[in-house]
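Structure record follows, encoded as structure tokens.
Residue numbers (the numbering used here): 1 to 169.
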């Protein structure tokens with residue numbers, strides 16, 4: 001019976017370590033997806049002269065999960081066009097658990113949402129470029145952290161399971 005419990009404990013802690021490592025691995029890809037979304041927003045607004053509604057519709061159709069779900073949810077909001085920044089922030093926070101991104105990316109995107117649709121096209125383009133610059137910096141940090149912490153997270157999962165087993169036995 002002890003062996004079955006030990007195997008269960010080791011399995012759970014190993015799984016937790018691998019889950020944490022997978023979040024480190026997914027983070028750079030999701031930052032790239034957000035950068036792609038911002039570039040699409042820029043192209044649609046500045047060059048295509050599209051409205052926020054059209055931009056959100058196109059992004060919900062053309063982006064991969066989980067980002068496309070964020071834009072679909074924004075389109076479902078009735079008050080979206082009265083107070084866009086609060087709807088943006090609310091849905092970012094709601095969908096954030098589906099992402100592997102850090103809190104700094106959340107803050108960057110919330111700040112961007114406060115400016116989206118508030119300025120003329122030239123200022124909006126500058127805001128998008130500033131946000132892209134911040135996400136570039138976060139991407140470099142995510143790549144460095146991913147390499148550094150993926151192996152450690154896996155190892156800590158296994159070792160913490162072994163420690164718990166030793167303490168119980």
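We put the CB at the ideal spot given by N, CA and C, even for glycine.
Nothing here was measured: the structure is a model prediction, and the numbers come from that model.
Query - Boundaries of the alpha helix (DSSP H) in which residue 103 is found, first to last residue - result: 103-115
Query raised in the report: Going by alpha carbons, who is nearest to residue 131 out of 34, 24 and 13?
Result: 34
Query raised in the report: Short check: CB of residue 74 to CB of residue 88, under 8 Å?
Result: yes
Query raised in the report: What do you get for residue 99, buried or exposed, if any count of 16 or more other CB atoms within 10 angstroms of its CB means buried?
Result: buried
Query raised in the report: Assuming residue 28 and residue 142 make a contact with CB atoms under 8 Å, what is their CB distance in whole Å?
Result: 5 Å
Requested in this report: Compute the distance between the beta-carbons of residue 70 and residue 145, then report whether it is under 8 Å.
Outcome: no
Report task. Please classify residue 119: is it buried, with 16 or more other beta-carbons within 10 angstroms of its beta-carbon, or exposed? Result -> exposed
Query raised in the report: Taking contact to mean at least 3 C-beta pairs separated by less than 8 Å, is the stretch 41-49 in contact with the stretch 145-154?
Result: no
Requested in this report: Keeping to the same chain, check which residues put their C-beta closer than 6 Å to that of residue 105; ignore five residues upstream and five downstream.
Outcome: 138
Query raised in the report: Distance, Cα to Cα, residue 111 vs residue 127?
Result: 10 Å
Query - Where residue 160 falls: helix, strand or coil (DSSP) - result: helix
Requested in this report: Tell me whether residue 65 sits in a helix, a strand or coil according to DSSP, three-state version.
Outcome: coil
**Report entry** Backbone CA spacing between residue 21 and residue 121 [nearest angstrom]
**Finding:** 40 Å
Requested in this report: Specify the secondary structure class of residue 99 as computed by DSSP and reduced to three states.
Outcome: coil
Query raised in the report: Three-state secondary structure (DSSP) at residue 49?
Result: coil
Query - Pairwise C-alpha distance: residue 40 and residue 94 - result: 22 Å
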